[in-house]
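In the UniProt record's numbering, the protein residues as written are 1 to 131.
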Amino acid sequence: MMTDIIADSLTRIRNAAQRRLDVTTLLHSKTIEATVAIFVDKGYLESYKVKEDGNKKTIKVVLKYDDNEKSVINEIKKISKPGRRVHQGKDEIRTFKNGYGTLVVSTSQGVLANDEAYKRGIGGEVICSIW
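See the structure below:
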């Protein structure tokens, strides 16, 4: 039984990048789909597609590599865990890694990147970080 499907998805992406795989498959949830969409928008992943097999959904993710066949993702880490939730206010969420990284934040207006949450003036639960 899996208790944290977001952590499982981040681990699948991390492991696929270390093995230099082109594609990996994640379990589907709205939060994971929104997180992967942020990763694609910020340029950490190439693309994603939601596959539907009967009543079961999965997300097929295409990883992105640079010219030297090195993964674009340096580090991907789960911040808020089931045993310890991490919340940040609108002023604390401004930048991550001096703008080179991205925080994914679950807010009252949906799952957003840290720069978008700062523009909207809202805080929330920090799901994960990537750079």
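Even glycine gets a Cβ: it sits at the ideal position worked out from N, Cα and C.
Exercise. For the putative contact between Phe102 and Ile59, defined by C-beta atoms under 8 Å, what is the C-beta separation to the nearest angstrom?
Worked result: Checking the sequence shown, residue 102 turns out to be Thr, not Phe. Contact flag wrong, Cβ pair sits at about 18 Å.
For this session: Take Gly99 and list the residues in its own chain whose beta-carbon comes closer than 7 Å to its own, dropping the five residues that flank it on each side.
Result: none
Problem set entry | Cα-Cα separation between Asp41 and Glu69, rounded to whole angstroms | 21 Å
Exercise. Below 9 Å between beta carbons: does that hold for Lys81 and Trp131?
Worked result: no
Problem set entry | Proximity of Val50 and Lys56 at Cβ, strictly below 9 Å | no
Exercise. What did DSSP end up calling Gln109 once you bin it into helix, strand or coil?
Worked result: coil
Exercise. When burial is assigned at 16 or more other CB atoms within 10 Å of the CB, is Asn15 buried or exposed?
Worked result: exposed
Exercise. Whose CA, out of Arg20, Thr35, Asp8 and Cys128, lies closest to the CA of Gly110?
Worked result: Thr35
Problem set entry | Contact with chain D by Arg85, beta-carbon distance below 9 Å | The displayed structure is made up of one protein chain only, and chain D is not part of it.
Problem set entry | DSSP state of Ile79 mapped onto helix, strand, coil | coil
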